[in-house]
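Taken in sequence, the protein lines are chains A and B.
The opening position of the first sequence corresponds to residue 105 in the working numbering, with each subsequent residue numbered one higher.
The opening position of the second sequence corresponds to residue 105 in the working numbering, with each subsequent residue numbered one higher.
A virtual CB, placed ideally from N, CA and C, is assigned to each residue, including glycine.
There are 2 protein chains.
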Amino acid sequence: MQIRNVRKIEPEKTVVMPGVTMRVAISAREGAPHFAMRYFEVAPGQATADHSHEWEHEVYVAKGRGEAMSEGKWRPIEAGDTVFVPPNERHQFKNTGAEPLEFICVVPHTD
Amino acid sequence: MQIRNVRKIEPEKTVVMPGVTMRVAISAREGAPHFAMRYFEVAPGQATADHSHEWEHEVYVAKGRGEAMSEGKWRPIEAGDTVFVPPNERHQFKNTGAEPLEFICVVPHTD
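As structure tokens, then:
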């Protein structure tokens, strides 16, 4: 069993969107056989990439508020919301609040 | 895209541990191809089952505090902690605080 607080995980250096940090909590590196749990923090006014891909997202909003985009249409999200992004759907997450928007995002291993 | 707040999801009736409720946020029912996101709430003094199984758990503690057991050994957990339970490891989650212990638990589809 691995127990790690998200605050003690070093952010990845490969996230290129301004104001967005990603911490990899559980992944193939720790022996996870099927999927990875990442923790995102989006600064006020900032957003994740507007994109789509072949794999799904399963998201839990831990803190803050914002909007989630699906195929160009925006809907509000807040702490306590779960979000399912199906494969190949265009999506984006934006922080519209004054505090950081923080969420868990689980993805399948793609390699 | 499906957006559902955990507070608006009806608890499952099949969770048999006293003081434990499970809400299924994202699953095969919603078209999730690989894994399911469930939201557990454990009342103060209560615990999930002491068990093991062939599939892994990826957990994020949303609220509260407690202890996680791995092969008979207990360690503290609190909000913000992520927990990886590898396949076939004996495990249990216990609420040792005064408030509900609430966590996300992601599991692969087993059928």
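- At a Cβ-Cβ threshold of 7 Å, Val-210 (chain B) and Phe-144 (chain B) do not count as neighbours.
- Bounds of the beta strand (DSSP E) holding His-161 (chain B) are 161 to 167.
- Take Trp-159 (chain B), set aside five residues on each side of it, and the residues of its chain with a beta-carbon closer than 7 Å to its own are Pro-191, Val-211, Pro-212 and Thr-214, in chain order.
- Taking C-beta separations shorter than 7 Å and ignoring five residues to either side along the sequence, the partners of Ser-131 (chain A) in its chain run Ala-140, following chain order.
- When C-beta atoms of the region 199 to 206 of chain A are compared with those of the region 120 to 129 of chain B, fewer than three pairs fall below 8 Å, so the two segments do not count as touching.
- Between Ile-208 (chain A) and Tyr-164 (chain B), the CB-CB gap stays under 7 Å.
- Straight-line measurement puts the Cα of Glu-206 (chain B) at about 14 Å from the Cα of Lys-167 (chain A).
- Within the region 105 to 137 of chain B, the residues whose Cβ lies closer than 7 Å to some Cβ of chain A are Met-105, Gln-106, Ile-107, Arg-108, Asn-109, Val-110, Arg-111, Ala-129, Ile-130, Glu-134, Gly-135, Ala-136 and Pro-137, listed in chain order.
- The shortest CA-to-CA distance from Glu-162 (chain A) to any of B:Val-120, B:Ala-183, B:Arg-142 and B:Thr-118 is the one to B:Arg-142.
- A Cβ-Cβ separation of about 5 Å places Phe-197 (chain B) in contact with Thr-152 (chain B) under the 8 Å criterion.
- Exposed is the label assigned to Val-120 (chain A), since fewer than 16 other Cβ atoms lie within 10 Å of its Cβ.
- One finds Asn-109, Val-110 and Arg-111 in chain B with Cβ atoms closer than 7 Å to the Cβ of Gly-184 (chain A), taken in chain order.
- The beta carbons of Gly-170 (chain B) and Val-110 (chain A) sit no closer together than 7 Å.
- No Cβ-Cβ contact shorter than 7 Å links Ser-174 (chain B) with Met-173 (chain A).
- By the Cβ-count criterion, Thr-118 (chain A) is exposed, with fewer than 16 other Cβ atoms from all chains shown falling within 10 Å of its own Cβ.
- With its beta carbon less than 7 Å from one in chain A, Glu-160 (chain B) belongs to the interface.
- Arg-142 (chain B) sits in a strand when the DSSP states are folded into three classes.
- For Val-124 (chain A), the enclosing beta strand (DSSP E) has its first and last residue at 124 to 130.
- With respect to chain B, the C-beta atom of Ser-174 (chain A) has a partner C-beta closer than 7 Å.
- Taking 7 Å as the Cβ-Cβ cut-off, the region 182 to 213 of chain A approaches chain B at Gly-184, Asp-185, Thr-186, Val-187, Phe-188, Val-189, Pro-190, Pro-191, Glu-193, His-195, Ile-208, Val-210 and Pro-212, given in chain order.
- For Asn-109 (chain B), the enclosing beta strand (DSSP E) has its first and last residue at 106 to 109.
- Against Phe-139 (chain B), the close residues of chain A are His-138, Phe-139, Glu-162, Val-210 and Pro-212, in the order they occur along the chain (beta-carbon pairs closer than 8 Å).
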